[in-house]
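Listed in order, the protein sequences are those of chains A and B. Be aware that the first sequence starts at 0, since it is given in numbering that gives the first Met the number 0, and climbs by one per residue. Be aware that the second sequence starts at 0, since it is given in numbering that gives the first Met the number 0, and climbs by one per residue. For glycine and all other residues, C-beta sits at the position ideal for the given N, C-alpha and C. Keep in mind the model is a prediction, meaning the values are calculated, not measured. Data first, discussion second: the structure below is written as structure tokens.
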Amino acid sequence: MVTEKARIMDEEAMRRAITRIAHEILEKNKGIEGLVLVGIRRRGVPLAERLARQIEAIEGRRVPVGSLDITLYRDDLTLRSDHPVVHRTEVPFAVQGKKVVLVDDVLYTGRTVRAALDAIMDLGRPALIQLAVLVDRGHRELPIRADYVGKNVPTSRREIIHVKLKETDDEDAVIIEEMT
Amino acid sequence: MKLKSRDILALEEMPREDMELILDTASSMKEIIYRPIKKVPTLRGKTVVTLFYEASTRTRTSFELAAKYMSADTVSIATATSSVQKGETLKDTARTLRVMGSDCVIMRHPVSGSCHFLARVLDIPVINGGDGMHEHPTQGLLDMFTMREKKGRLEGLRVAIIGDIYHSRVARSNIWGLKKMGASVVVCGPATLLPPEIEKMGVEATTRVEEAVKDADVVMVLRLQLERQQRGLFPSAREYSRLWGITRERLNLAKPDALLMHPGPMNRGIEIASEVADSPQSTIEDQVTNGVAVRMAILYLLLGGGEEK
Numbered sequence: 000m001v002t003e004k005a006r007i008m009d010e011e012a013m014r015r016a017i018t019r020i021a022h023e024i025l026e027k028n029k030g031i032e033g034l035v036l037v038g039i040r041r042r043g044v045p046l047a048e049r050l051a052r053q054i055e056a057i058e059g060r061r062v063p064v065g066s067l068d069i070t071l072y073r074d075d076l077t078l079r080s081d082h083p084v085v086h087r088t089e090v091p092f093a094v095q096g097k098k099v100v101l102v103d104d105v106l107y108t109g110r111t112v113r114a115a116l117d118a119i120m121d122l123g124r125p126a127l128i129q130l131a132v133l134v135d136r137g138h139r140e141l142p143i144r145a146d147y148v149g150k151n152v153p154t155s156r157r158e159i160i161h162v163k164l165k166e167t168d169d170e171d172a173v174i175i176e177e178m179t
Numbered sequence: 000m001k002l003k004s005r006d007i008l009a010l011e012e013m014p015r016e017d018m019e020l021i022l023d024t025a026s027s028m029k030e031i032i033y034r035p036i037k038k039v040p041t042l043r044g045k046t047v048v049t050l051f052y053e054a055s056t057r058t059r060t061s062f063e064l065a066a067k068y069m070s071a072d073t074v075s076i077a078t079a080t081s082s083v084q085k086g087e088t089l090k091d092t093a094r095t096l097r098v099m100g101s102d103c104v105i106m107r108h109p110v111s112g113s114c115h116f117l118a119r120v121l122d123i124p125v126i127n128g129g130d131g132m133h134e135h136p137t138q139g140l141l142d143m144f145t146m147r148e149k150k151g152r153l154e155g156l157r158v159a160i161i162g163d164i165y166h167s168r169v170a171r172s173n174i175w176g177l178k179k180m181g182a183s184v185v186v187c188g189p190a191t192l193l194p195p196e197i198e199k200m201g202v203e204a205t206t207r208v209e210e211a212v213k214d215a216d217v218v219m220v221l222r223l224q225l226e227r228q229q230r231g232l233f234p235s236a237r238e239y240s241r242l243w244g245i246t247r248e249r250l251n252l253a254k255p256d257a258l259l260m261h262p263g264p265m266n267r268g269i270e271i272a273s274e275v276a277d278s279p280q281s282t283i284e285d286q287v288t289n290g291v292a293v294r295m296a297i298l299y300l301l302l303g304g305g306e307e308k
């Protein structure tokens, strides 16, 4: 059984976090020159899209947005008997020499990000790669950290962080659930 | 998601869900073929063997590229230069490859049913790369993938298959697959090259090419297998071409946006006129590219996961 323990972000909090991250990305990279956003499927993709809209509202210009499916780069494929469904990677621009901001909903063990780094490198050699996440819940298993974080949430491993987005779910919310 | 099938032997026995999963996965794989670095690490450490007892360029190359793009190692056995020449049986050859550590065998063989036999004696996945006059399931899947990609659907399409239906494993795999996916199929060729009672497979049959092509969404031309025509089943290539060859005039009887397909290699000027083979309606080169994507999907779905717990 999974029970809901707490709602740690609602629609307003999420909107503010995305607005702040958009400003931080622009500040750190000194504008949008050479900047591209790449969302990690699934929920990183609508988040990257929201960040791009926010950046456009600030700078008046749109940055390219791509989406990355990391299934073929997972390190646990031989440990699972089910086959994760492969979705499409759509990065319709060259990443060569670009400043790539990877976007995902939750940063946990770091293994998804490791796979995404390999996937990006296979598409070309970016000038740099940064990471933006809505929630950092800790428990890293690899030396990976985020450059931009919506909210740091200390969790136990038994808990589940469920990010809901209007594009993929029915509401904007971040919920902590627990297996009981 | 997992395939219900352990092997890819025949579309006759493959459930529709498996075909859909393969086609969906292939459409995600296709992008990799256009990358500057055509390599994903998914099948690192897996070994795929191609064991071909018949000539082939595109099927074998297509499988080998698919495996390499997924980082698998490939070994190709040309039977003309192997122990098969010393009289080794199929079973012994295959078991030898198995104990050397291969993870999957792709076989083409002149005898119908030989891949089923192989699948019974091996505990690793077997993929049929064409068995006699029986089936060529990966060709059927790549043809369906091409139709679905161009037309957006398979349900309700009218597909005309023209040529030597009798000897064609490509036709049989397409018929089984397309019927399961809800398309309607009409086959056409000289009466001597239409198998008796072919209608029992749920298709229409005719010897008049104009009738078959009329209002078709897809016109699939088969290769006239000149090497299998020693029995005098039709008078001459020239007469075949005059009566059944696909020309501009005949293709114009199909729907205006109809696709023209051919599994290759083509006999230009016999079963297909050069003018239409190189026209915008032709999907012949797309079929080759899609073949690699479909085979990548199959290898991922058969070899990508771990052991059943």
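- The straight-line gap separating the alpha-carbon atoms of Lys149/B and Asn289/B is approximately 12 Å.
- Beta-carbon to beta-carbon, Glu58/A and Ile31/A are separated by about 5 Å, close enough to satisfy the 8 Å threshold.
- Along the length of the segment 28–105 of chain B, whole alpha helix (DSSP H) runs at least 4 residues long occupy 57–68 and 89–98, reported in chain order.
- In the assembly as shown, Tyr299/B is a buried residue. Its beta-carbon has 16 or more other beta-carbons within 10 Å.
- With a beta-carbon spacing of about 7 Å, Val132/A and Asp104/A fall inside the 8 Å limit used to define contacts.
- By the beta-carbon neighbour count (other beta carbons within 10 angstroms, threshold 16), Lys90/B is exposed.
- Taking a beta-carbon distance threshold of 8 Å, Pro124/B does not count as an interface residue toward chain A.
- If you check each beta-carbon in the segment 65–99 of chain A against every beta-carbon of chain B, the ones closer than 7 Å belong to Asp68, Leu71, Tyr72, Leu76, Thr77, Leu78, Arg79, Ser80, Asp81, His82, Val84, Val85, His86, Arg87 and Thr88.
- Contact annotation for Leu122/A against chain B: Arg34 [CB-CB distance below 7 Å, chain order].
- Assignment of His261/B by DSSP, reduced to helix, strand and coil, places it in the coil class.
- For a Cβ distance threshold of 9 Å, nothing in chain A lies close to Ser101/B: the least Cβ distance comes to about 17 Å.
- At least 8 Å separates the beta-carbon of Tyr72/A from that of Val291/B.
- According to the DSSP assignment, Met295/B belongs to the alpha helix (DSSP H) that extends over Ile283 to Leu302.
- Cβ atoms of Val90/A and Leu67/A come within 8 Å of each other, at about 7 Å.
- Counting the other Cβ atoms within 10 Å of the Cβ of Leu153/B gives 16 or more, which makes it buried.
- When C-alpha distances from Ala272/B are compared across Ala54/B, Arg222/B and Ile126/B, the shortest belongs to Arg222/B.
- The beta-carbon of Glu87/B is placed no less than 8 Å from the nearest beta-carbon of chain A.
- Think of a sphere of 9 Å around the beta carbon of Thr73/B: no beta carbon from chain A falls inside it, the nearest being about 18 Å out.
- Nearest Cα to Pro279/B within the set Met265/B, Ile297/B, Val287/B and Ala257/B: Ala257/B.
- Within the DSSP bridge table, the entry for Gly139/B names no partner.
- Chain-order list of chain A residues neighbouring Met28/B: Val85, by C-beta distance under 8 Å.
- Sequence-distant Cβ neighbours of Ala236/B in its own chain, meaning closer than 6 Å and more than five residues away, are Ile269.
- Comparing alpha carbon positions, the residue from Leu96/B, Leu156/B, Gly86/B and Pro14/B closest to Met219/B is Leu156/B.
- Note on geometry: alpha-carbon atoms of Leu302/B and His82/A lie some 9 Å from one another.
- Inter-residue distance for Asp6/B and Ile126/B is about 6 Å (C-alpha atoms, whole angstroms).
- Distance from the Cα of Thr95/B is smallest, within the candidate group Ala71/B, Asp122/B and Pro109/B, for Asp122/B.
- Taking a Cβ-Cβ threshold of 9 Å, the residues of chain A close to Thr24/B are His82, Val84 and Val85, in chain order.
- Thr145/B carries a helical assignment under DSSP once its states are collapsed to helix, strand and coil.
- Nearest C-alpha to Phe233/B among Gly188/B, Ile245/B, Arg267/B and Asp216/B: Gly188/B.
- Under the Cβ criterion of 8 Å, Val47/B is not counted among the residues facing chain A.
- Residue-level contact check: Lys1/B touches chain A, since one or more beta carbons of chain A fall below 8 Å from its beta carbon.
- In the DSSP annotation of this structure, Ser113/B is not part of any beta strand (DSSP E); the continuous alpha helix (DSSP H) holding it starts and ends at Ser113 to Val120.
- A direct Cα-to-Cα measurement between Ile245/B and Ser80/A gives close to 47 Å.
- Taken through DSSP and simplified to helix, strand or coil, Tyr147/A comes out as strand.
- If you look at Lys178/B, you'll find it isn't in any beta strand (DSSP E); it sits in the alpha helix (DSSP H) that goes Arg168 to Lys179.
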